[in-house]
Amino acid sequence: MVTHVSVGLLGLGTVGSGVVRMIEGNREELQHRVGCPVFIEKILVQNVEKERLVSINNEWLTQHPEDVLQNPNIHVVIEVMGGIELAREYITLALQNKKHVITANKDLMALHGAELLQIAHENECDLFYEASVAGGIPIIRSLVDGLASDRITKMMGIVNGTTNYILTKMDKQQRNYEEVLKEAQALGYAEADPTSDVEGIDAARKMAILSTLGFSMHIHLDDVKVSGISKVTQEDLEYARQFGYTLKLIGNAKKDNGKVEISVEPTLLPDSHPLASVHNEYNAVYVYGESVGETMFFGPGAGQLPTATSVVSDLVAVVKNMRLGVNGKSVIAPQFDKQLKEPNEIAGKFFYRLYIKDEAGAFSAITSLFALHDISLEKLIQSPVDHKGVAEVVIVTHGTNKHQDNKVYNLLRDSEVVQEIKSHYRVEGA
């Protein structure tokens with residue numbers, strides 16, 4: 001019988017400090033929920049002398065990994081140090097030493113999750129990672145447990161708070177990208193090097209994790225088609241508003257007839273779509289199941305305590321499994337072989353903003369390229385711009401497929417009447 005549980009932490013940054021606050025501050029509630037006391041034993045840090053923003057027993061701190069990974073008193077290791085290779089090494093050692101592991105590391109799980117889950121299974125250990133995808137939103141547990149009886153057909157959502165904050169401010173306050181990015185960095189929403197967030201890489205890692213779980217299929221990061229928001233302009237947002245859309249960075253995963261498509265890209269959503277009203281740093285994930293229909297999970301996608309909440313919820317699950325004697329039993333290998341859709345199997349509507357020569361026949365030449373590939377136009381605006389001899393054409397197509405759209409894009413790019421393709425985005429149907 002488990003009489004108590006000792007925890008070791010790898011890292012004591014923002015999230016680690018939140019985990020300590022929750023374990024220490026909610027001690028009685030935790031004990032009531034899991035049936036035994038939960039204690040912090042050791043915390044691996046780089047500098048034991050550093051001043052902390054959370055109350056710490058100095059005897060917990062160590063600079064030696066073995067004090068956590070090989071400590072016989074520690075039952076559960078919580079990895080909140082970040083990075084990939086060192087975290088991978090430490091988690092592997094922890095599992096091999098029969099310690100259950102909880103991580104918030106999306107980068108690691110997207111790249112090496114299958115390998116680490118297999119190691120956990122072989123050592124009869126739990127490896128949980130709820131906080132790796134959407135901060136305080138319990139999306140992983142919802143897929144694995146709450147919707148386990150259903151067949152998931154589609155997941156789409158806003159899974160990066162930084163980009164959602166930037167696009168919200170650009171749209172609502174008519175400010176440019178660079179200005180809002182600097183504000184996001186000053187507020188701590190964006191890193192000094194924001195590339196992972198603004199170019200969609202962070203969101204792509206999360207969609208790889210969700211797709212692997214939701215579709216029971218091994219999805220690798222390279223399977224996700226990715227584009228970011230760094231080239232989004234005020235003109236794009238203004239035309240989106242005119243057409244009744246809101247522009248968001250959307251992760252999209254869809255399964256049809258055993259084949260999947262996974263992407264992260266700026267997408268025009270109808271203003272009536274629930275995701276269009278998700279603003280600032282908040283995240284939301286829409287899940288479509290054959291039986292349940294549509295469900296939506298909304299909440300803070302990052303931050304100290306929201307992320308710590310998911311970490312400690314995983315801790316509760318680990319301890320309950322310990323008391324039941326079922327640790328390491330939840331890992332299930334993907335059921336299906338990976339099959340990715342071809343471009344002609346990916347349906348969608350598309351937004352174009354073009355600069356064309358302002359001369360007779362140019363407009364007709366553009367529309368004929370779409371007609372040549374059986375793409376009809378749903379919405380269209382043409383207007384002159386300040387540059388002499390240049391007109392701006394904005395188009396939203398009717399439904400087509402990615403193969404046809406790629407053909408038209410290449411023809412427009414090479415056309416003598418097109419000076420520049422300013423923007424090209426996917427459009428989500430109502």
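Residue numbers 1 to 430, in the UniProt record's numbering, belong to the letters of the sequence shown in order. Cβ coordinates follow ideal geometry from the N, Cα and C atoms, glycine included. The structure displayed is predicted, hence computed values, not measured ones.
For this session: Mark residue 296 as exposed unless 16 or more other C-beta atoms lie within 10 angstroms of its C-beta, in which case mark it buried.
Result: In the sequence shown, residue 296 corresponds to position 296, counting from 1. It counts as exposed.
For this session: Compare the beta carbon distance of residue 167 and residue 249 with 9 Å and say whether it is the shorter of the two.
Result: Against the sequence shown, residue 167 aligns to sequence position 167. Against the sequence shown, residue 249 aligns to sequence position 249. Closer than 9 Å, so yes.
Problem set entry | With 16 other Cβ atoms within 10 Å as the buried cut-off, status of residue 257 | Position 257 of the sequence shown, counted from the first residue, corresponds to residue 257. Exposed, because fewer than 16 other Cβ atoms sit within 10 Å of the Cβ of residue 257.
Problem set entry | Stretch-stretch touch, CB-based, cutoff 8 Å, three pairs: the stretch 202-220 with the stretch 331-346 | Touching, yes.
Exercise. Which of the three DSSP states, helix, strand or coil, is assigned to residue 458?
Worked result: Residue 458 falls outside the range modelled here, since the chain spans only 1 to 430, and no answer is possible.
Exercise. Should residue 419 and residue 357 be called a contact, given that it needs their Cβ atoms to be closer than 9 Å?
Worked result: Residue numbering aside, residue 419 sits at position 419 when the sequence shown is read from its first letter. Residue numbering aside, residue 357 sits at position 357 when the sequence shown is read from its first letter. Judged by beta-carbon spacing, residue 357 lies within the 9 Å limit of residue 419, meaning their Cβ atoms are closer than that value.
For this session: Kindly list the residues whose CB is nearer than 8 Å to the CB of residue 221, restricted to its own chain and excluding five residues on each side of it in sequence; keep chain order.
Result: In the sequence shown, the residue the question calls residue 221 occupies position 221. Around residue 221: 110, 111, 204, 205, 208.
Problem set entry | Start and end residues, alpha helix (DSSP H) containing residue 207 | Position 207 of the sequence shown holds residue 207. That run of the alpha helix (DSSP H) goes 201-215.
Exercise. So, using beta-carbon positions, are residue 348 and residue 283 closer together than 9 Å?
Worked result: Walking along the sequence shown from the start, residue 348 turns up at place 348. Walking along the sequence shown from the start, residue 283 turns up at place 283. Contact flag unset, no.
Problem set entry | Inter-residue spacing [alpha-carbon to alpha-carbon] between residue 56 and residue 49 | Residue 56 sits at position 56 when you count from the first residue of the sequence shown. Residue 49 sits at position 49 when you count from the first residue of the sequence shown. So the two alpha carbons sit approximately 12 Å from each other.
For this session: Select from 21, 90, 4, 11 the residue whose C-alpha is nearest the C-alpha of residue 32.
Result: As a first step, residue 32 must be located in the sequence shown, where it is residue number 32. Minimum Cα distance to residue 32 is reached at 4.
Exercise. Does the Cβ-Cβ distance between residue 81 and residue 11 come in under 9 Å?
Worked result: Position 81 of the sequence shown, counting from 1, holds the residue named residue 81. Position 11 of the sequence shown, counting from 1, holds the residue named residue 11. A contact, by the Cβ cut-off of 9 Å.
For this session: Note down the Cα distance separating residue 189 from residue 162, rounded to an integer number of angstroms.
Result: By one-based count along the sequence shown, residue 189 stands at place 189. By one-based count along the sequence shown, residue 162 stands at place 162. About 6 Å.
Exercise. Touch check for the stretch 313-324 and the stretch 352-368: three-plus C-beta pairs under 8 Å?
Worked result: Fewer than three pairs of CB atoms, one per stretch, sit closer than 8 Å, so the stretch 313-324 makes no contact with the stretch 352-368.
Exercise. Rounded C-beta distance between residue 157 and residue 285? I'm assuming under 8 Å.
Worked result: Locating residue 157 in the sequence shown gives position 157, where the first residue counts as 1. Locating residue 285 in the sequence shown gives position 285, where the first residue counts as 1. Separation of the CB atoms of residue 157 and residue 285 is rounded to 3 Å, and the pair is thereby assigned contact status at 8 Å.
Exercise. Can you name the residues that DSSP bridges to residue 283?
Worked result: Working through the sequence shown from its first residue, we reach residue 283 at position 283. Its beta-bridge partners are 299.
For this session: Express the C-alpha separation of residue 309 and residue 38 in angstroms, rounding to a whole number.
Result: Against the sequence shown, residue 38 aligns to sequence position 38. Against the sequence shown, residue 309 aligns to sequence position 309. About 15 Å.
Exercise. With 16 other CB atoms within 10 Å as the buried threshold, where does residue 200 fall?
Worked result: As a position in the sequence shown, residue 200 is number 200, starting the count at 1. So residue 200 counts as buried.
Exercise. Buried or exposed: which applies to residue 267, given that a residue is buried once 16 or more other Cβ atoms fall within 10 Å of its Cβ?
Worked result: As a working mapping, residue 267 is identified with position 267 in the sequence shown. Buried, since its Cβ has 16 or more Cβ neighbours within 10 Å.
For this session: Kindly indicate which residue of 341, 412, 408, 303 has the alpha-carbon position closest to the one of residue 14.
Result: Position 14 of the sequence shown, counted from the start, is the residue given in the question as residue 14. Closest in alpha carbon position to residue 14, among 341, 412, 408, 303, is 303.
Problem set entry | Of the residues 76, 243, 244, 223, the one placed nearest residue 254, counting alpha carbons only | For the purposes of this step, residue 254 is identified with residue 254 of the sequence shown, where counting begins at 1. Nearest neighbour of residue 254 by Cα position, chosen from 76, 243, 244, 223, turns out to be 223.
Exercise. Quick one: is residue 375 buried, meaning 16 or more other Cβ sit within 10 Å of its Cβ, or exposed?
Worked result: Position 375 of the sequence shown, counted from the first residue, corresponds to residue 375. The residue is buried, with at least 16 neighbouring Cβ atoms inside 10 Å.
For this session: Could you work out which residue in 46, 131, 54 is closest to residue 63 when comparing CA atoms only?
Result: Locating residue 63 in the sequence shown gives position 63, where the first residue counts as 1. Ranked by how close their Cα comes to the Cα of residue 63, the residues 46, 131, 54 have 46 in first place.
Problem set entry | Beta-bridge partners of residue 100, as assigned by DSSP | Here residue 100 is taken as the residue at index 100 of the sequence shown, counted from 1. Bridge partners of residue 100: 76.
Exercise. So which of 177, 320, 301 has the shortest CA-CA distance to residue 35?
Worked result: Working through the sequence shown from its first residue, we reach residue 35 at position 35. Across the set 177, 320, 301, the C-alpha of 320 shows the shortest separation from the C-alpha of residue 35.
Exercise. Once you ignore the five residues that flank residue 307 on each side, which residues in its own chain have a CB closer than 7 Å to its CB?
Worked result: For the purposes of this step, residue 307 is identified with residue 307 of the sequence shown, where counting begins at 1. Residues of the same chain with a CB within less than 7 Å of the CB of residue 307, apart from the 5 flanking positions on each side, are 15, 18, 104, 131, 135, 136 in chain order.
For this session: Please list, in chain order, all residues of the same chain as residue 42 whose beta carbon is under 7 Å from its beta carbon, the five residues on each side excluded.
Result: Walking along the sequence shown from the start, residue 42 turns up at place 42. Only 8, 60, 62, 67, 68, 71, 74 meet the Cβ criterion.
For this session: Go ahead and label residue 387 buried or exposed: buried means 16 or more other beta carbons lie within 10 angstroms of its beta carbon, across all protein chains shown.
Result: For the purposes of this step, residue 387 is taken as residue 387 along the sequence shown, with counting starting at 1. So residue 387 counts as exposed.
For this session: For residue 413, count neighbouring C-beta atoms within 10 Å of its own C-beta (all shown protein chains included) and say buried if the count is 16 or more, exposed if not.
Result: Here the question's residue 413 lines up with position 413 in the sequence shown. Exposed: under 16 other Cβ atoms inside 10 Å.
For this session: Excluding the 5 residues preceding and the 5 following residue 247 in the sequence, name in chain order all residues of the same chain whose CB lies nearer than 8 Å to its CB.
Result: Your numbering for residue 247 matches position 247 in the sequence shown. For residue 247, where only same-chain residues beyond five positions count, the Cβ hits under 8 Å are 167, 171, 232, 236, 237, 240, 266, 267, 268, 269, 425.
Problem set entry | Where residue 386 sits in the DSSP three-state scheme | In the sequence shown, residue 386 corresponds to position 386, counting from 1. Coil at residue 386, not helix or strand.
Problem set entry | Pairwise C-alpha distance: residue 312 and residue 126 | As a working mapping, residue 126 is identified with position 126 in the sequence shown. As a working mapping, residue 312 is identified with position 312 in the sequence shown. Put simply, the backbone Cα of residue 126 is about 14 Å away from that of residue 312.
For this session: In angstroms with no decimal places, state the Cα-to-Cα distance between residue 24 and residue 6.
Result: Position 24 of the sequence shown holds residue 24. Position 6 of the sequence shown holds residue 6. The C-alpha of residue 24 lies about 12 Å from the C-alpha of residue 6.
Problem set entry | Boundaries of the alpha helix (DSSP H) in which residue 155 is found, first to last residue | Residue numbering aside, residue 155 sits at position 155 when the sequence shown is read from its first letter. Per DSSP, residue 155 lies in no alpha helix (DSSP H); the unbroken beta strand (DSSP E) holding it starts and ends at 152-158.
Problem set entry | Through-space distance from residue 225 to residue 219, alpha-carbon basis | Numbered from 1 along the sequence shown, position 219 holds the residue referred to as residue 219. Numbered from 1 along the sequence shown, position 225 holds the residue referred to as residue 225. Using only the alpha carbons, I get a separation of about 12 Å.
Problem set entry | Sequence-distant residues of the same chain with beta carbon closer than 8 Å to residue 52, five excluded per side | Taking the sequence shown and counting its residues from 1, the one referred to as residue 52 is at position 52. These residues qualify, in order along the chain: 12, 17.
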